[in-house]
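Heads up: the sequence shown begins at 8 in our numbering, then just goes up one per residue.
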Amino acid sequence: MMEQQTVKVGMADLNIALNGALIRTSGLGSCVGVTLYDSVAGIAGMAHVMLPSSEIARESNFNVAKYADTAIPALIQAMENAGASIPRMVAKMAGGAQMFAFASQNDSMRIGPRNVESCKLALGQVSIPIRAEDTGANFGRTIEIDSATGKLTIRSVQFGIKEI
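If you want it as structure tokens, here you go:
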């Protein structure tokens, strides 16, 4: 039996998978793993989003995969270049945890929840529905999406393996 190919996505990175390959990222704490899937084309995409908005980028030549507002359009473009179509895309996401407890409710400390909100906003702007999510709480996650089925597997130390 042939082993399924796995495409790895690092932090502040994005990529696509097709032909039944898996695509995986680990270390999602306050970061959000956004996955897109086109079942007709059999293409899955994933972005490991670190921060909500590129407005805070200090350099003009920044990594688009790092920010929700630039990673999602870049991921959509990569999928379209491979034959996917926005009207057929559905999203699933995981992560966005509040990894540390802070005494103040300062908005700048709410990176996880703000990442989730920004990802939802970016998906809403292009009318891509969010089919499922496992976001928030205070634990890390590793996620993997199957380009053959669109099934998203979420692993965490606290809760084991879950599929959405």
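Glycine included, C-beta positions come from ideal geometry on N, C-alpha and C.
Through-space distance from residue j to residue i, alpha-carbon basis
i       : j       : result
Lys-169 : Ile-161 : 5 Å
Glu-124 : Val-39  : 10 Å
Ala-139 : Thr-42  : 10 Å
Cys-126 : Pro-80  : 11 Å
Ala-28  : Ala-155 : 7 Å
Ala-24  : His-55  : 14 Å
Gly-102 : Gly-143 : 6 Å
Gly-157 : Gln-12  : 15 Å
Ser-61  : Phe-166 : 32 Å
Val-16  : Thr-32  : 5 Å
Gly-6   : Glu-10  : Outside the modelled stretch of the chain, which goes from 8 to 171, sits residue 6, for which no answer is possible.
Phe-146 : Phe-107 : 10 Å
Glu-66  : Ala-91  : 31 Å
CA nearest to the CA of residue i, picked from the options
i      : options                            : result
Leu-35 : Gly-157, Ala-155 and Asp-141       : Asp-141
Arg-95 : Ile-83, Ala-54, Gln-105 and Glu-10 : Ile-83
Gly-49 : Ala-72, Met-86 and Lys-73          : Met-86
Val-71 : Met-18, Asp-153, Asp-45 and Ser-37 : Met-18
Beta-carbon contacts of residue i that lie in its chain and below 6 Å, excluding the five residues immediately before and after
i       : result
Ala-98  : Leu-43, Leu-130, Ile-135 and Ile-137
Gly-119 : Ser-37, Gly-103, Ala-104 and Gln-105
Pro-59  : Ala-75, Arg-121, Asn-122 and Ser-125
Glu-151 : Leu-29, Arg-31 and Thr-160
Residue i (DSSP reduced to helix, strand or coil)
i       : result
Ser-60  : coil
Asn-22  : strand
Lys-158 : coil
Ser-33  : strand
Ser-46  : coil
Glu-151 : strand
Residues of its chain near residue i, where Cβ-Cβ distance is below 8 Å and the 5 sequence neighbours each way are ignored
i      : result
Ala-89 : Ile-23, Leu-25, Ala-48 and Ile-50
Any chain B beta carbon closer than 8 Å to residue i
i       : result
Ile-137 : The structure shown contains no chain B, having only a single protein chain.
Cβ neighbours of residue i in the same chain (closer than 7 Å, five flanking residues each side left out)
i       : result
Met-100 : Val-39, Gly-40, Val-41, Thr-42, Cys-126, Ile-137, Glu-140 and Thr-142
Asp-45  : Met-86, Ala-91, Ser-92, Arg-95 and Met-96
Met-57  : Met-18, Ala-19, Cys-38 and Lys-73
Alpha helix (DSSP H) segments (min. 4 residues) lying fully within the stretch 63 to 135: 75 to 88 and 118 to 132
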